[in-house]
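Taking it in order: structure first as structure tokens, then the write-up.
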Amino acid sequence: STPAGAESTGLHAVDEVNGFTYIMSNFQHPGEGIAENPKVAAQVLPLIHRNYKDSYGAAVGYLGLKLS
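Residue numbers for the sequence shown follow my numbering, beginning at 3 and rising by one.
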């Protein structure tokens, strides 16, 4: 999942690296378009600004699976 208004990008799968399979993803533009709905913006934008460096930050992650 991503923060409200964010765009999921960069989905990438790597089949095998040293016996592991990885699924990686990231997002960009957290909070984009939220200001158009004042009720949602009042609750969501403070969280996005706090957790994502005033909406200039993002997150990158991966899931790993060991093949046996």
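We put the beta carbon where it would ideally sit given N, CA and C, even for glycine.
- For His14, DSSP records a beta bridge to Met26.
- In the DSSP assignment, Lys68 falls within the unbroken beta strand (DSSP E) covering Val62 to Lys68.
- A distance of 9 angstroms or more separates the beta carbons of Val46 and Ala15.
- Taking a contact as a CB-CB distance under 8 angstroms, the pair Thr11 and Asn39 does not count as one, their CB atoms being some 23 angstroms apart.
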